[in-house]
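Straight run, no breaks: the sequence shown in this note's numbering ends on number 366.
Backbone N, C-alpha and C fix where the C-beta goes; we use that ideal spot for every residue, glycine too.
Nothing here was measured: the structure is a model prediction, and the numbers come from that model.
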Amino acid sequence: MPKEKEGQSIVVRGTPVVYHCEPGILGKLDALLAPFQYKRVIVVHGDRSLEAAQPYWPQESNITLLYLRYQGECTLQEAHRIACYALAERADAILGLGGGKVMDLVKAAGNTSGLDTILVPTLASNCAAWTPLSVFYNEVGQFTHYSVFPKSTLMVLLEPRIALHAPVDYLRAGIADTLAKWYEADVLIRNLQHRSAAVQVAHLTARLCHTALLEHGRQSIFDAEQKQLSDAFVEVAETIIMTGGLVGGFGDHLGRIAGAHSIHNGLTAAPATHHLLHGDKVAYGILVQLVLEDNVEEVKQLLQFYKDLGLPYHLRDLGLSGEDRATLESIARQAAAPQESIHLMRQEGVTAADVYGAIVKLEQMV
Numbered sequence: 001m002p003k004e005k006e007g008q009s010i011v012v013r014g015t016p017v018v019y020h021c022e023p024g025i026l027g028k029l030d031a032l033l034a035p036f037q038y039k040r041v042i043v044v045h046g047d048r049s050l051e052a053a054q055p056y057w058p059q060e061s062n063i064t065l066l067y068l069r070y071q072g073e074c075t076l077q078e079a080h081r082i083a084c085y086a087l088a089e090r091a092d093a094i095l096g097l098g099g100g101k102v103m104d105l106v107k108a109a110g111n112t113s114g115l116d117t118i119l120v121p122t123l124a125s126n127c128a129a130w131t132p133l134s135v136f137y138n139e140v141g142q143f144t145h146y147s148v149f150p151k152s153t154l155m156v157l158l159e160p161r162i163a164l165h166a167p168v169d170y171l172r173a174g175i176a177d178t179l180a181k182w183y184e185a186d187v188l189i190r191n192l193q194h195r196s197a198a199v200q201v202a203h204l205t206a207r208l209c210h211t212a213l214l215e216h217g218r219q220s221i222f223d224a225e226q227k228q229l230s231d232a233f234v235e236v237a238e239t240i241i242m243t244g245g246l247v248g249g250f251g252d253h254l255g256r257i258a259g260a261h262s263i264h265n266g267l268t269a270a271p272a273t274h275h276l277l278h279g280d281k282v283a284y285g286i287l288v289q290l291v292l293e294d295n296v297e298e299v300k301q302l303l304q305f306y307k308d309l310g311l312p313y314h315l316r317d318l319g320l321s322g323e324d325r326a327t328l329e330s331i332a333r334q335a336a337a338p339q340e341s342i343h344l345m346r347q348e349g350v351t352a353a354d355v356y357g358a359i360v361k362l363e364q365m366v
């Protein structure tokens, strides 16, 4: 049974210092940064993210913006490269423009360099813009670790029209990743003998994620397909980026990850899954976690939602086969590695055999 023990006290880093979500917010960039007296800002971006933001980007700026393209995975080496470039250019801040990898790289580079960070997410696919941590991978895309930083992001600016015009697959993956906030936070919090105020906020916020996504998720996907900026789309985008980020921001280690993300990490050991988005693998991880909890009824209730959104629930949806025992056992071993968060689910921990058995059982159920 998880407990808030000595040495495991909650550290609240609930929000960035400043957050804006509105059409046209990027056109106000100079005014937003003026109070901080920045002169030189590094803009870290990908090719697609820079192109997507161009219609909404300020045409003129009193600040010197130095553009730096990121290179591949979110690795320690790449974060170090960005930090060194920013310091060499005597930058005052680093601005990240892109998806989750860019957000995580810029946070890590800001931590290394000591510079403030401004994050402009171009996808509603995860809460990376909100959270004060970065998830790191190796050069071939395998998860290695994540680091929590002592300082939150200075500013998050969400231009919802950029996310609206992104490929819908990213929104679908973001819905799944944020749906996991409830299932992972709940398994960590529900049996606590005492819940601090911060943990109560995290638990309630996680539930709000679940409620909002099940209520508006289908409509947001439809509106995104139609490129219609609607209340449903904006609510889901903010639920993914902001509300989802609040769970870990207030709950700390009790509001971040448990079984679903460990299954995701296990799946990264299988090359056949590398083409899948983070949220797609987390979606499958939710179901495996529920089987590990022996909560079969919840799996059944989620299946129609998964089918409506096109989320993976079969091994074949992941490019895997139930006949390939060696690969499934490799996934299970990685998911149940000693450092994995899946062990927070229960006092006795979770074995690789447990994970393999849950995968097999889920395949038989669905």
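The beta-bridge partner set that DSSP reports for residue 116 consists of 93. Straight through space, the alpha carbons of residue 171 and residue 233 are spaced by roughly 9 Å.
When the alpha-carbon of residue 288 is set against those of 269, 312, 277, 304, the nearest one is in 312.
For residue 42, the enclosing beta strand (DSSP E) starts and ends at 40-45. Residue 195 sits in coil when the DSSP states are folded into three classes, being neither helix nor strand. Counting along the chain, residue 21 sits inside the beta strand (DSSP E) bounded by residues 18-21. Listed in chain order, the non-local C-beta contacts of residue 244 below 8 Å within the same chain comprise 126, 127, 130, 177, 178, 181, 209, local neighbours out to five positions each way being set aside. Cβ-Cβ distances below 6 Å link residue 42 to 66, 68, 86, 91, 94 in the same chain, with the five nearest sequence neighbours on each side left out; the list follows chain order. Here DSSP, grouped into helix, strand and coil, assigns residue 205 to helix.
Relative to the Cα of residue 166, the nearest Cα in the group 50, 365, 356 belongs to 50.
Remark: C-beta atoms of residue 109 and residue 279 do not approach each other more closely than 8 Å.
DSSP, read as helix, strand or coil, puts residue 36 in helix. Contact annotation: residue 266 and residue 364 have beta-carbon atoms that are not nearer than 8 Å. When the five nearest sequence neighbours on each side are left out, the beta carbons in the same chain lying within less than 8 Å of the beta carbon of residue 154 are those of 16, 17, 18, 36, 93, 116, 117, 118, in order along the chain.
If you look at residue 135, you'll find it in the beta strand (DSSP E) that goes 133-137. Separation of residue 338 and residue 263 (C-alpha to C-alpha, rounded to the nearest whole angstrom) is 13 Å.
By the criterion of a C-beta distance shorter than 7 Å, residue 14 is surrounded in its chain by 246, 249, 250, once the five residues flanking it on both sides are discounted. Fully enclosed alpha helix (DSSP H) runs of no fewer than 4 residues occupy 160-164, 168-189 of the region 150-194, in order along the chain. Residues 181, 182, 185, 247 of the same chain have their beta carbon placed closer than 6 Å to that of residue 206, with the five preceding and five following residues left out of the count. With a threshold of 16 other beta carbon atoms within 10 Å, residue 107 meets it and is buried. Annotation: the continuous alpha helix (DSSP H) that includes residue 299 extends over 296-309. In terms of Cβ geometry, residue 309 and residue 217 form a close pair [threshold 8 Å].
Between residue 259 and residue 342, the CB-CB gap stays under 8 Å.
In the DSSP secondary-structure assignment, residue 98 is bridged to 121. Nearest C-alpha to residue 137 among 101, 361, 52: 101. In this structure, DSSP gives residue 210 a helical state, which the three-state scheme calls helix. A straight line joining the alpha-carbon of residue 354 with that of residue 292 spans about 7 Å. At the C-beta level, residue 122 and residue 157 stay beyond 8 Å of one another. The alpha-carbon separation between residue 120 and residue 159 amounts to approximately 8 Å. Setting aside the 5 residues that flank it on each side, residue 105 is surrounded in the same chain by 44, 70, 74, 78, 79, 82, 96, 134, each with a C-beta closer than 8 Å to its C-beta; the list follows chain order. Note that the C-beta distance between residue 306 and residue 272 is not below 8 Å.
One thing to note: residue 58 has its Cβ within 8 Å of the Cβ of residue 30.
Just so you know, the alpha carbons of residue 295 and residue 362 end up roughly 11 Å apart.
Taking all protein chains in view, the Cβ of residue 150 is surrounded by fewer than 16 other Cβ atoms within 10 Å, so the residue is classified as exposed. Within the same chain, 321, 322, 363 come within 7 Å of residue 315 by CB-CB distance, once the 5 residues on both sides are set aside.
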